[in-house]
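Enquirer:
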Amino acid sequence: MVTPAPANDGRRRAAAARRKARQAQIIAATRQIFDAKGVREVQIEEIATAVGINRAIVYRHFTGKEEIVALTLVGYLDELAAAMSTAADAADGPRAQLAAIVGAFVDYGVAHPAFVDCAQALMNRPGSELLDELSESALFRLGRGITSCLGILSDALAKGSETGDFRNPEDPALLANMLYSSGLGALQLARLGILVSEAAPGVPTVGQVSREQVRRYLVSSALALVSPRPTHT
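Adding 176 to a residue's 1-based position in the sequence shown gives its number in this note's numbering.
1. Candidates 251, 210, 201, 193: which alpha carbon is nearest residue 227's?
2. Which runs of the alpha helix (DSSP H), 4 residues or longer, sit entirely within the stretch 248 to 318?
3. Could you tell me which of 260, 366, 325 sits nearest to residue 349, measuring between CA atoms?
4. Let's see if you can read the secondary structure: which residues bound the beta strand (DSSP E) around residue 384?
5. Buried or exposed for residue 280, going by 16 or more other Cβ atoms inside 10 Å?
6. Just checking my contact of residue 402 with residue 336 at CB under 8 Å: how many whole Å lie between their CB atoms?
7. State buried or exposed for residue 260, treating a residue as buried only when at least 16 other CB atoms are found within 10 Å of its CB.
8. Output the distance between the C-alpha atoms of residue 351 and residue 357, rounded to the nearest integer angstrom.
9. From 384, 377, 206, 211, pick the residue whose C-alpha is nearest to that of residue 238; which is it?
10. Could you round the C-beta distance between residue 362 and residue 394 to whole angstroms and report it? I think they count as a contact, below 8 Å.
11. On the criterion of 16 or more Cβ atoms from any shown chain inside 10 Å, does residue 285 qualify as buried, or is it exposed?
12. Considering only the alpha carbon of each residue, which of 274, 254, 296, 368 lies closest to residue 384?
13. In this structure, does DSSP put residue 358 in helix, strand or coil?
So, in structure tokens, the structure goes:
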């Protein structure tokens, strides 16, 4: 004879499902706002209004704006990982694969400026603060989103090392993180489109830099970092 589940178990599952749905609704609304106007000026009240709730309800589901930014970033990272993976699968050979992955990263960042805003907003905070301000669940999801992208890059670096196309990096994970971080900074440069240089000693001048120039530089820089050192006879 099967013993029926207690009624309160069903109520707990229903409440958990409603909570999950509400969180997804808040994150979806946040992304729409971020895509429309960026991250910096958005307040909790605006997010709550977009969902049709008050700010107190938002705080029932998230620890604060930092956690909302982090979980919105997770959505971008999932899309970015898919784009990088597709690019990697379509490339032939380690160098072409690395170039395709870095290119896909730039293309996604250019098309989704709010991804860059979210990522940089979190990177501007000391790690100890983020650990205090994000829930364990949010930290896990954020870490998984970042590693899904970094793993694609690390795998490409490892394969290139195995074939001899790349020199062995001392720490592939560190190199992948450095490429990711420098890429975010370069994406900001691509958005600004401004290049500062010296017209003469002590005389600054402002020029223009295109997104395609930034893309080519990041790809060539990544390849240069892993190219085998020339041997001298």
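Even glycine gets a Cβ: it sits at the ideal position worked out from N, Cα and C.
Expert: In terms of the structure at hand:
1. Indexing the sequence shown from 1 puts residue 227 at position 51. For the set 251, 210, 201, 193, the Cα lying nearest the Cα of residue 227 is the one of 201.
2. Complete alpha helix (DSSP H) runs here, min 4: 270 to 287, 289 to 299, 303 to 309.
3. On the sequence shown, position 173 is the one that residue 349 refers to. Nearest neighbour of residue 349 by Cα position, chosen from 260, 366, 325, turns out to be 325.
4. Taking the first residue of the sequence shown as position 1, residue 384 is located at position 208. For residue 384, the enclosing beta strand (DSSP E) stretches over residues 379 to 384.
5. The residue given as residue 280 occupies position 104 in the sequence shown. Classification of residue 280: buried, given that the 10 Å Cβ count is 16 or more.
6. Along the sequence shown, one-based indexing puts residue 402 at 226. Along the sequence shown, one-based indexing puts residue 336 at 160. With a Cβ gap of about 6 Å, residue 402 and residue 336 count as contacting.
7. Position 84 of the sequence shown, counted from the first residue, corresponds to residue 260. By the neighbour-count rule (16 or more Cβ atoms within 10 Å), residue 260 is buried.
8. Position 175 of the sequence shown, counting from 1, holds the residue named residue 351. Position 181 of the sequence shown, counting from 1, holds the residue named residue 357. Looking at the two C-alpha atoms, the distance is approximately 10 Å.
9. Here residue 238 is taken as the residue at index 62 of the sequence shown, counted from 1. In terms of Cα proximity to residue 238, the closest of 384, 377, 206, 211 is 206.
10. For the purposes of this step, residue 362 is taken as the residue at position 186 of the sequence shown. For the purposes of this step, residue 394 is taken as the residue at position 218 of the sequence shown. Confirmed, about 5 Å.
11. To locate residue 285, count along the sequence shown from 1; it is residue 109. When all chains shown are included, residue 285 counts as buried.
12. Residue numbering aside, residue 384 sits at position 208 when the sequence shown is read from its first letter. The candidate whose alpha carbon is nearest that of residue 384 is 368.
13. As a first step, residue 358 is located in the sequence shown; it is residue number 182 there, counting from the start. Collapsing the DSSP output to three states places residue 358 in a helix.
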